[in-house]
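Participant:
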Amino acid sequence: MVWRVATAVAVSAIVSMTGCQSGVLDKASATIAIDGGRVGMADSGAIGPGGSADTSTPRLLSCDAVQPDAPDWTEVVPPASLEGLAIKDAWAAGRDDLFFVGTLPVPGNDLQSVAQIVRWTRGCWSLELSWPISSQLSVSISGSAPGDVWAVMGPALFRGDGTGWSRADDEMQALLTAQHPGYAAVPFAVRVAAGTIWVMGKTFIWRRDGGGWRMFELTNTDVFGADDPTGSRGSFWFTSLWAGGRDDAAVGGAIHALGRIPDAAFVYRYDGSGWTRRGITEGQVASLWGDGSGGLWLSASGGNTNPPLFHDDGADIGSGAGIRSVSIDGWPLGIDVSALWGAAPDDLLAAGAGSLAHWDGVEWKMAAAPAATAATDGTVIAGDAGSTWIVRRGPRFFRRDR
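Counting from 1, position 359 in the sequence shown corresponds to residue 418 in my numbering; the numbering is continuous, with no gaps.
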């Protein structure tokens with residue numbers, strides 16, 4: 060049966076809709092409770108580009124009538140107020156409960172954007188958080204449960220507890236200040252795995268576990284040598300983050316050496332006892348995903364000259380051995396893999412523009428993908444126990460059930 064989604068309706072009609080069958084509408088407070096947590100406030104007048112005056116309180120946008128059965132890619136129509144939101148990352152809190160984060164441009168100001176977190180729960184859309192950021196900064200989202208969600212919103216790290224959002228970067232900043240007075244902690248990505256929160260900055264990495272926060276750093280000396288502590292020979296930066304748990308994380312990045320073009324992509328891997336850096340290819344690492352056996356799948360953008368993927372089997376870390384290029388029969392020439400996501404080690408997806416490939420544990424094969432409006436469409440993949448989501452420019456949301 061094909062999963063059909065009706066056009067989004069006004070909030071005033073949600074009492075009669077079936078999309079929030081598992082939710083309970085509290086008419087007095089105008090909130091919807093799902094699984095004991097407040098999804099948002101039914102205040103349609105307060106929502107629009109940039110959010111409401113209270114930017115940290117979830118607010119309901121709309122609900123749709125849905126039939127949750129989508130064996131084929133089926134479009135899920137968002138409320139009109141999300142038009143223009145560029146989705147950058149997504150995370151599934153559970154089946155039929157997803158968080159998306161993106162940015163909205165500020166008309167007439169190319170230097171500023173509005174970062175927003177949007178939640179979809181059983182057909183209901185809510186605006187979770189709206190926050191002004193510099194356009195050059197990043198957004199990211201991950202979590203362990205609906206009441207434990209972490210989001211990078213430009214220079215800030217937020218934590219959502221199911222009822223609202225609060226800043227959660229004081230301890231990160233304190234660790235950085237202790238080592239580098241005057242530096243500002245600017246996060247770029249967050250990933251949560253096995254009860255551990257990993258946060259990636261430009262050249263710093265923070266980890267939060269049961270023992271609290273800890274900071275790691277990749278230095279100029281590490282990259283360019285002990286005789287170049289100031290980085291006079293070039294620069295480097297982190298570009299992507301993957302986490303497998305407290306003692307398993309990897310960041311991808313790029314090194315720019317003065318006088319050398321192109322940049323060099325690298326991976327910085329943590330195994331519980333320390334970090335090891337190894338080069339991968341030209342360009343910069345765009346996406347990372349663990350293979351379930353101690354290795355990594357990687358994609359690297361390098362001026363359309365790289366193969367779709369690389370695989371690092373984790374053996375002989377530090378020597379460069381164990382890294383191989385991965386071709387995919389039918390993958391279009393010149394299209395980089397921009398996103399990797401996996402439901403299991405033998406069930407992974409690689410996406411780039413309008414193309415999609417699937418790993419079944421033996422080989423990568425091209426797979427059916429939802430329609431793209433342009434070859435440059437960005438792609439975000441997320442999923443839960445029984446479904447996969449792909450987000451295109453627009454934003455356009457597509458869902459397929461397994």
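From the three backbone atoms N, C-alpha and C, an ideal C-beta is built for every residue, glycine too.
(1) Under three-state DSSP, which class holds Q195?
(2) Is A248 helix, strand or coil by DSSP?
(3) Return the first residue and the last residue of the alpha helix (DSSP H) that D281 is part of.
(4) Using 8 angstroms as the threshold, is the C-beta distance between V310 and M274 below it?
(5) Do L234 and W265 have their C-beta atoms closer together than 8 angstroms?
(6) Measuring only the C-alpha atoms, how far is D388 from A374?
(7) Return helix, strand or coil for L317, following the three-state DSSP convention.
(8) If we count the other Cβ atoms within 10 Å of its Cβ and call it buried at 16 or more, is T447 buried or exposed?
(9) Taking the alpha carbon of W418 as the point to measure from, which residue in R458, R461, D350 and N279 has its own alpha carbon closest?
(10) For the alpha helix (DSSP H) that contains A233, what are its first and last residues?
(11) Would you list, in sequence order, the uninterrupted beta strand (DSSP E) runs of no fewer than 3 residues that lie entirely inside the region 383–448?
(12) Which of helix, strand or coil does DSSP assign to L141?
(13) In three-state DSSP terms, what is V177?
(14) Let me check understanding here. Comparing Cα to Cα, which of T278, R154, D286 and V251 lies closest to R267?
(15) Spell out a yes or no on whether the region 352–363 and the region 311–324 are touching, meaning 3 or more CB-CB pairs, one atom from each, closer than 8 angstroms.
(16) Under the assumption that T255 contacts W296 (Cβ atoms under 8 angstroms), give the Cβ distance between them as a whole number of angstroms.
Facilitator: Taking the definition as stated:
(1) Working through the sequence shown from its first residue, we reach residue 195 at position 136. In the structure shown, Q195 sits in coil (DSSP, three-state: anything other than H, G, I, E or B).
(2) As a first step, residue 248 is located in the sequence shown; it is residue number 189 there, counting from the start. Three-state result, A248: strand.
(3) For this step, residue 281 is matched to residue 222 along the sequence shown. Unbroken alpha helix (DSSP H) run through D281: N279 to F283.
(4) By 1-based counting over the sequence shown, the position of residue 310 is 251. By 1-based counting over the sequence shown, the position of residue 274 is 215. Cβ atoms of V310 and M274: not closer than 8 angstroms.
(5) By one-based count along the sequence shown, residue 234 stands at place 175. By one-based count along the sequence shown, residue 265 stands at place 206. Going by C-beta atoms, L234 is nearer than 8 angstroms to W265.
(6) If you number the sequence shown from 1, residue 388 lands on position 329. If you number the sequence shown from 1, residue 374 lands on position 315. So the two alpha carbons sit approximately 26 angstroms from each other.
(7) As a first step, residue 317 must be located in the sequence shown, where it is residue number 258. L317 falls in the coil class under three-state DSSP.
(8) Position 388 of the sequence shown, counted from the first residue, corresponds to residue 447. With 16 or more other Cβ atoms within 10 Å, it is buried.
(9) Position 359 of the sequence shown, counting from 1, holds the residue named residue 418. Ranking the options by Cα distance to W418, first place goes to D350.
(10) Indexing the sequence shown from 1 puts residue 233 at position 174. Element bounds for A233: D229 to Q238.
(11) 398–403, 406–411, 414–418, 423–425 and 439–442
(12) Within the sequence shown, the letter at position 82 stands for residue 141. Looking at L141 - three-state DSSP - the assignment turns out to be helix.
(13) Counted from its first residue, the sequence shown places residue 177 at position 118. DSSP places V177 in strand when its eight states are reduced to three.
(14) Working through the sequence shown from its first residue, we reach residue 267 at position 208. Of the candidates T278, R154, D286 and V251, the one whose C-alpha sits nearest the C-alpha of R267 is V251.
(15) yes
(16) Position 196 of the sequence shown, counting from 1, holds the residue named residue 255. Position 237 of the sequence shown, counting from 1, holds the residue named residue 296. So it is not a contact: roughly 23 angstroms between Cβ atoms.
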